[in-house]
Each structure stands twice: as C-alpha cells, then as structure tokens.
Amino acid sequence: MPPRLPLTTASLLNGLSERYVCASCARKATRSLTSPRTEPARQSKHTSTAPLIRLRDGKPRRQAYAKQDIQGLPRLARRHASNATLASATAINAPSSVPPAYRELHQKLIALQETAGSYVDLARLQLAARSLEGDDPVSGPSAARKLARVLLSDALSDEERWEQEILESIHDGRDLLLRYGDTDETVQSNPLVKTLNVPSPYLRRHKLEILVTGLSFSSGPSTSNERRALEDAVLVPSLTTPNSQGGRVGFVRYPVHKTILVAEGISSAVQYGSLPPGLADGGNITAALSVPLRSTSGADSAEEEASANSVDIDLAVHALELFRTSKANGAKFSKEWQTSRVGTLAEWMAGSAESTASGLRPAVRGLVASVLSDTSKSISQAEEAGNTTVIAGTVSDTKRQSLESAIASWSGSSHRDLQLNLDTAFATSPSWRRTTWWRLFWRIDDVTVSASDVLRRSWLTESEQALAFLSGRILETGLATPEQLRDAAPQLIKGSEPAEANKAENPAQRRESVAELLQIPSMLARVQQESGVNAQFSPPWPQSINLSRQYMIRTLVPELHRKAQALLLTSLSTIGGSAALGGWFYLATGGGGLYESGAIVALGLVWSLRRLQKKWSSERESFAVTIREDARGVLGEVESHLRKLVGEGGRATVRAEDAQSWQVARQALKECEGALSKIETKR
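Residue numbers (this note's numbering): 4 to 686.
This is the structure we're talking about:
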C-alpha cells in the first residue's frame, strides 16, 4: 500500500523559534520576513493564518488569543507582544476561531451534541459546528491537497483538469484516494473515499497510491499506550461511513505504509505541538509543516531558521506556476523548488517504493517489521497483564502464616475443650449420672436423653464456635469459598448404612415417597426428623462437627440404649429365674429348705446385679472412648482441610488456554521473523 497524506497539525513556531501570536500579529511578522522581491499576491498567501488543517477529535478548537496594544512597540518586539492562551472548549468558552456573530450558535450546537446525541445526525451536526469556525470553514484540509497536487504535477506540461479536481474535492466531504490511471476511466463510486485517477508519471514510476484523510487525537500528556494508539491511528486511519438512517456512522480501517502529517496555520501548530515527541521521526511517519521559507539575504533567513520538517507548499505552487508560464524561469523555478523543500518529501515517498537487493521494498519491509514488532509487544503486554492479574489475585505469604498460626491455636484449644468439657460432663453432669447402673431399673428411658444431652452440651461446642470465626477469617482473605469450606465434612463411619436400606422396599411405599418429594416443606421436615439435620441450614463454615454430632446421636446413642435394655432384661431374667428356682426348692423340701431357697435367690440376685454393673459400666466407658476418638478424628480432618485451603487456596494461575495461545503466537512470530531474515540475507 502506498503512503498517504493525512490531514494533521503543524508546529509553525518550531521552525521560526518564536512564541504563539495572534492572527494580526502573525500577518505583520510574516510580512517582515518576506523577501522584498516577492509579489504582493504571493505575500498574501504566505500570511494566511487560518487553521487549514483540522484534527477532527469531536471537540471544538481550544484556542483563544489575547490581543494587546502593540502599535507603539518596535517591529521585533511587536512580533512577541501577543501571547497565545488556551481556553476550555465548553458551551461557555467557544473557540476563538469562531466569529463573534456565530459563537452563540456554535455553543448551542456543541451543547446539543452532548445532551441529545442519540437523536441528531452527529456527522452533519459536527460538520455544521466546524463550518462556523472561521470565515472559510472548508480551508482546513486544503494544505494536504495542495501538497498532493504539487507532488504529482508535471512541471513540463500544462495544468490539467485533475489538478483542480484534487483541490475541489475538499467540498465532497469524503477522503481522497489518488492512484495512477487515465482520467477517462470510470471509477466506481464509494461512500468511504473518493477515488481519482491521476495520469502522473510520479505515481506510475514509483507505483504509489496516495490517501488524503483526516486525523483525530486528543491533546494533553501522552503515555506509552496513548502514543502507541496514536501511532496506530496515523498508520491505520479510520474512514467514516454512514450505517443507518439515524445519522450514526461506522468506521473502516485503511492501513497504509507511510504517513505524512501535513499542517498549516497557527491552530495546526498548536495541535502539532501536542503530539508525542519522536512520532514523526522520518521512519514510517514524517511531518510537513507549511511555513514561509522564501529565501532572503543574510544568515538569519527563514530557510536557515526553519526546522527540518518545515516546507513551503505555497512557494512550491508558485514555482510550478512560474515555470509553466515560461520555461525561461527555470533557474528561478529550481531555486524556489529547492527552497520549498517539497522535493525532500517526494524523495522520502519514492524511497519507500525502491526495491532492495532482495527484491523487497523498504516500505513493505518496514511495514512487516512494524507489524511483527507490534505483535511482539502485544504478546508481551498480554503476558504481563496475565502475570499481574495472577500476582494481584494471590494471597500474600504473611496472611497465610498468620492463618496457619490461627489454625494451630484453634486445634490446641479444641483438644483442650474436648478433654476438659467431656471429663467434666462424665464426672459431674446430672444428665450422665442418671445413667448409672442402679438407676436403670426406673430410668431406662432416660439413657437416650442423657447421652444426647452430653453430646449437645459438651462435645466440641466451643470448638465449633471458634471454627466459625476462623472460617470467617479464611473467607475474608479469599483463600477459600463457602462451598470449599463446607466440603470438610469427614467420612463418618464406613459401612454404617441403616438396616432399613437392606430391606426390600415396598413398591407402593416407594411411589408414596416419590410423591412426597414434590412436597418440599414436608420433605425437609421429614429429613430433619429422621436425621436431625436441618437441610436449610448451610452456614459458610465446615459442618463436620455438627454432622458428626448428629450422626452419633442417631447411631451411637440408640445403640447404647439398646444395650442398656438388653442388660436390664438379662438381669431381670436372671433375678426372676433364681427366685423361681428358690421357690421351687422351698416347695420341694416341704418348707424345710428355707435358708437354702433364700441362698439360691440371693445368689441369683447378686450375680445378676454384679453382672449388670460390670457390663453397663463397660458400655458407658466404651461410649465415652468412642465419642472422644471420633472428636479427635473430626478435629484432625478439619485441621488438615483448613491447612490445605490456606496452603493451596488463593493462588491464581494463568489459564492453560491463555498460556497455550501465547506460546503459539510466539512460535508463529518467530517463524515470520525467520522468513523475513531469510529474504533480507538473499543477494
């Protein structure tokens, strides 16, 4: 793709090393620098200070020049008597380039754009607002078109129709694409860009196409990302196209190989000064600042004081017209052409089309290298952003160590709670004392209530409360989610399936259970009644202690009650049998064996009571040992689960898909760089 000529800003005072001045002062200062041999008509052209290049950033100009009384000052001091100031481009402060008669209307149009942007045709509204800025509302893009005309014109031939079409295309409203071709050829209409066939030897010889378009950017301090975005906007301009009847516009990106930033006028110089330094360094982007460069006598000529990017487009146009008027003006034409520095831009553009020894044009090579460089930067930025996100989402080691200490403290206090509270409950609890062996005869039904009361009141109650607080700290640091904390429920007792599960289910009963599933409240009540667990209670901390307690109440306590009943029944049976045997012996001896009968009854009674005492005490001790061991197991599982969450949780990792995409992109980029290096090494 050939280079383009975008419409941008210029730094007029960068070339003349002067401060910003108002329009009237600039005219006077320019007249003082103009050669005495210059005709008045040419002099008026060089003194134009209208903002010929506009940066269409959707905002009005922010320039207001304070005028001062400078009539009594010397000529040199008069050039610096008026300083430029910047004013906010709001509905109150309109740009100074708007004539006073149109300023109120301009402010209202800008306010309409901000408040009713979805109801108006934004493209036409912005065009109307720009048309109010200055006496000549369409003079902005003319500098770029004049430069394109001068570059493509043949000085040896007369002026052709296409030269005027280039200048008149500014009224079309579209961007302009210049390519080699016969003017009689039919060009397909395009809403994005106006294509113009130009039979220019320059385009044919160097195989170029030139795109003349605008550039939008916001002034102010620029960061590296903003600089890169601006560079992309310069090398890949966006062409606007309407896409609906409501006035909305769309954008089509049009990449180019090289770009010339063309600017003319003080307002363009102000906007050019806000560009990032080094943007127009002459690589793929350069600048053309249209300022008067007509040579004068002396060491302080305007040509010598001007910057390297300064050109004099009007002087080049004058030289072209002068040579076409008479071929005898060749020497003057050559002098003015060299003074205008337009030939330097022509050489810079043509250099991009010359093939190297490897057959690859510098513009193409630069484009490929720029694309590969930008791709490498994008991959690096993506990797850096991913790693930054991982680091930001990872909990620090300091917080982990603090939580590790808190878990260790909780574990120690939980074991002390288990030892002290259970010992106290088994030793002094009134509920547990009701289960002594000699009270079984009249309190056999209190075994379940007493054992359940011990579990509910003394089995890791304080530890469960402390666990809720510790879980809150873990959730606060982001090391785990409530679902992960709830997954700490231990494997209670293997093979502890209820006996009912082994029984064959009645089909009618199963159908009834399925029907009951549709009644959610009744089903939840039934689950709580059968298991003791509230299915609706789901706190954000491990439920291991609560579930283990409910499990023991539903399994160990009924088993203890069953054994108590069996031992009591055995004792009563033994006592009854010994009493019957003693009575039979008494009757068999005819009343003579009274003492022997009493001895038999007493022996059976003592033996059964002793057996009941021994067996029941063993069962109670076994129950106490079981719940202690279960408590230790639950505490161990909860502690290990919490330590695992603290050690492994809260560590963000790069997604495997992202890492793989970066690796694939790096490999493809490396292959492209290798292919480019092979082409460059060919001779």
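Here a beta-carbon is modelled for each residue, glycine too, at the ideal position from N, C-alpha and C. Bear in mind the structure is a predicted one, so any value in this text is a computation, not a measurement.
| Anyone know if the C-beta pair for R182 and E212 falls short of 8 Å? | Within the sequence shown, numbered from 1, the residue matching residue 182 stands at position 179. Within the sequence shown, numbered from 1, the residue matching residue 212 stands at position 209. In this structure, E212 lies closer than 8 Å to R182 by Cβ.
| For G184, which of helix, strand or coil comes out of DSSP? | Here residue 184 corresponds to residue number 181 of the sequence shown, with the count starting at 1. Here DSSP, grouped into helix, strand and coil, assigns G184 to coil.
| task | Determine the burial state of H174: buried for a count of at least 16 other Cβ atoms within 10 Å of its Cβ, exposed for fewer. | result | Along the sequence shown, one-based indexing puts residue 174 at 171. Counting other Cβ atoms within 10 Å of its Cβ, H174 stays below 16 and is therefore classed as exposed.
| message | Once DSSP output is grouped into helix, strand and coil, what is the label at V237? | response | The residue you call residue 237 lines up with position 234 of the sequence shown. Three-state DSSP puts V237 in a helix.
| query | If you drop the 5 nearest sequence neighbours on each side, which residues of the same chain put their C-beta closer than 6 Å to that of G184? | reply | As a first step, residue 184 must be located in the sequence shown, where it is residue number 181. Result list for G184: N200, in chain order.
| task | Just confirm the distance between the C-beta atoms of L242 and T216, as a whole number of angstroms; I'd bet it's less than 8 Å. | result | Locating residue 242 in the sequence shown gives position 239, where the first residue counts as 1. Locating residue 216 in the sequence shown gives position 213, where the first residue counts as 1. Yes, L242 and T216 are in contact; Cβ-Cβ is about 7 Å, under 8 Å.
| request: Specify the secondary structure class of L218 as computed by DSSP and reduced to three states. | output: If you number the sequence shown from 1, residue 218 lands on position 215. Three-state DSSP puts L218 in a strand.
| request: Starting from I410, follow the beta strand (DSSP E) in both directions and report where the run begins and ends. | output: As a first step, residue 410 must be located in the sequence shown, where it is residue number 407. Per DSSP, I410 belongs to no beta strand (DSSP E); it is in the alpha helix (DSSP H), D400 to T431.
| said: With distance defined between alpha-carbon atoms, name the residue in A668, A132 and D377 nearest to H109. | reply: The sequence position of residue 109 within the sequence shown is 106, counting from 1. For the residues A668, A132 and D377, the minimum Cα distance to H109 belongs to A132.
| said: Using only the alpha-carbon positions, how far apart do R436 and L571 sit? | reply: By one-based count along the sequence shown, residue 436 stands at place 433. By one-based count along the sequence shown, residue 571 stands at place 568. Near 17 Å, if we compare the C-alpha coordinates of L571 and R436.
| query | Any chance the segment 463–483 sits against the segment 411–427, with 3 or more Cβ pairs inside 8 Å? | reply | yes
| query | Less than 8 Å separating the beta-carbons of P240 and L264? | reply | Here residue 240 refers to the residue found at position 237 of the sequence shown. Here residue 264 refers to the residue found at position 261 of the sequence shown. Going by C-beta atoms, P240 is not nearer than 8 Å to L264.
| So A471 packs on P542, CB below 8 Å; how close in whole Å? | Indexing the sequence shown from 1 puts residue 471 at position 468. Indexing the sequence shown from 1 puts residue 542 at position 539. So it is a contact: roughly 7 Å between Cβ atoms.
| request: Buried or exposed for D178, please, with buried defined as at least 16 other CB atoms from any protein chain shown within 10 angstroms of its CB. | output: Along the sequence shown, read from residue 1 onward, the residue named residue 178 stands at position 175. Flag for D178 reads buried.
| Taking just the CA atoms, how far does R654 sit from R476? | Against the sequence shown, residue 476 aligns to sequence position 473. Against the sequence shown, residue 654 aligns to sequence position 651. If I take the Cα positions, the gap works out to 17 Å.
| query | If you draw a straight line from the C-alpha of D456 to the C-alpha of S434, how long is it? | reply | Stepping through the sequence shown from its first residue, residue 456 is reached at position 453. Stepping through the sequence shown from its first residue, residue 434 is reached at position 431. Spanning the two alpha carbons is a distance of roughly 7 Å.
| Nearest-angstrom beta carbon gap, A291 and L150 [assumed within contact, 8 Å] | Reading the sequence shown from its first residue, position 147 is the one you call residue 150. Reading the sequence shown from its first residue, position 288 is the one you call residue 291. L150 to A291, Cβ: 6 Å. Contact.
| message | Suppose the cutoff is 6 Å on Cβ atoms and the five residues either side in sequence are ignored; what does the same chain contact list for L155 look like? | response | Here residue 155 is taken as the residue at index 152 of the sequence shown, counted from 1. Setting aside the 5 residues that flank it on each side, L155 is surrounded in the same chain by V201, S203 and Y205, each with a C-beta closer than 6 Å to its C-beta; the list follows chain order.
| message | For L587, count the other beta carbons within 10 Å of its own beta carbon; 16 or more makes it buried, fewer makes it exposed. Which is it? | response | Here the question's residue 587 lines up with position 584 in the sequence shown. Checking the sequence, you will find Trp at residue 587 rather than Leu. Classification of W587: exposed, given that the 10 Å Cβ count is below 16.
| field | Backbone secondary structure at D178 - three-state DSSP | value | Your numbering for residue 178 matches position 175 in the sequence shown. The answer is strand: DSSP assigns D178 an E or B state.
| task | Can you grab the Cα-Cα spacing for the pair V371 / A668, in whole Å? | result | Indexing the sequence shown from 1 puts residue 371 at position 368. Indexing the sequence shown from 1 puts residue 668 at position 665. Answer to the nearest angstrom: the Cα atoms are 16 Å apart.
| query | Out of curiosity, what's the CA-to-CA distance linking N390 and E479? | reply | Counting from 1 along the sequence shown, the entry for residue 390 is found at position 387. Counting from 1 along the sequence shown, the entry for residue 479 is found at position 476. Cα to Cα, N390 sits roughly 23 Å from E479.
| Reference S2, options V628, G650 and V657, closest by Cα | Lying before the first or after the last residue shown, residue 2 is absent from the chain, which here runs from 4 to 686.
| query | How big is the Cα-Cα spacing for T189 and R148? | reply | In the sequence shown, residue 189 corresponds to position 186, counting from 1. In the sequence shown, residue 148 corresponds to position 145, counting from 1. Those two C-alpha atoms are separated by around 22 Å.
| Residues near W165 by beta carbon distance below 8 Å, same chain, minus five either side | Position 162 of the sequence shown, counted from the start, is the residue given in the question as residue 165. Taken in chain order, the residues that qualify are T186, L199, N200, V201 and P202.
| query | Should the segment 380–387 be called in touch with the segment 441–452, which here means at least 3 C-beta pairs below 8 Å? | reply | no
| message | Measuring alpha carbon to alpha carbon, tell me which residue in T629, L597 and W665 is nearest L559. | response | As a first step, residue 559 must be located in the sequence shown, where it is residue number 556. Answer by Cα proximity: T629.
| field | Cβ-based burial, E622 [other Cβ within 10 Å; buried from 16] | value | The residue given as residue 622 occupies position 619 in the sequence shown. By the 10 Å Cβ count, E622 comes out buried.
| said: On the criterion of 16 or more Cβ atoms from any shown chain inside 10 Å, does R565 qualify as buried, or is it exposed? | reply: Counted from its first residue, the sequence shown places residue 565 at position 562. Here R565 is exposed: its Cβ has fewer than 16 other Cβ atoms, across all protein chains shown, within 10 Å.
| So, using beta-carbon positions, are L278 and A158 closer together than 8 Å? | For this step, residue 278 is matched to residue 275 along the sequence shown. For this step, residue 158 is matched to residue 155 along the sequence shown. No.
| message | Our contact map puts W413 next to L488 with C-beta atoms below 8 Å; I'd like the distance itself, whole angstroms only. | response | By one-based count along the sequence shown, residue 413 stands at place 410. By one-based count along the sequence shown, residue 488 stands at place 485. Contact doesn't hold; Cβ gap of about 14 Å is too wide.
| Hey, G346 and W340: beta-carbon distance below 8 Å or not? | Position 343 of the sequence shown, counted from the start, is the residue given in the question as residue 346. Position 337 of the sequence shown, counted from the start, is the residue given in the question as residue 340. Their beta carbons are under 8 Å apart, which means G346 touches W340 by this criterion.
| query | Looking only at C-alpha atoms, which of L590, N193 and R344 sits nearest to L296? | reply | Here residue 296 is taken as the residue at index 293 of the sequence shown, counted from 1. The option with the nearest alpha carbon to L296 is R344.
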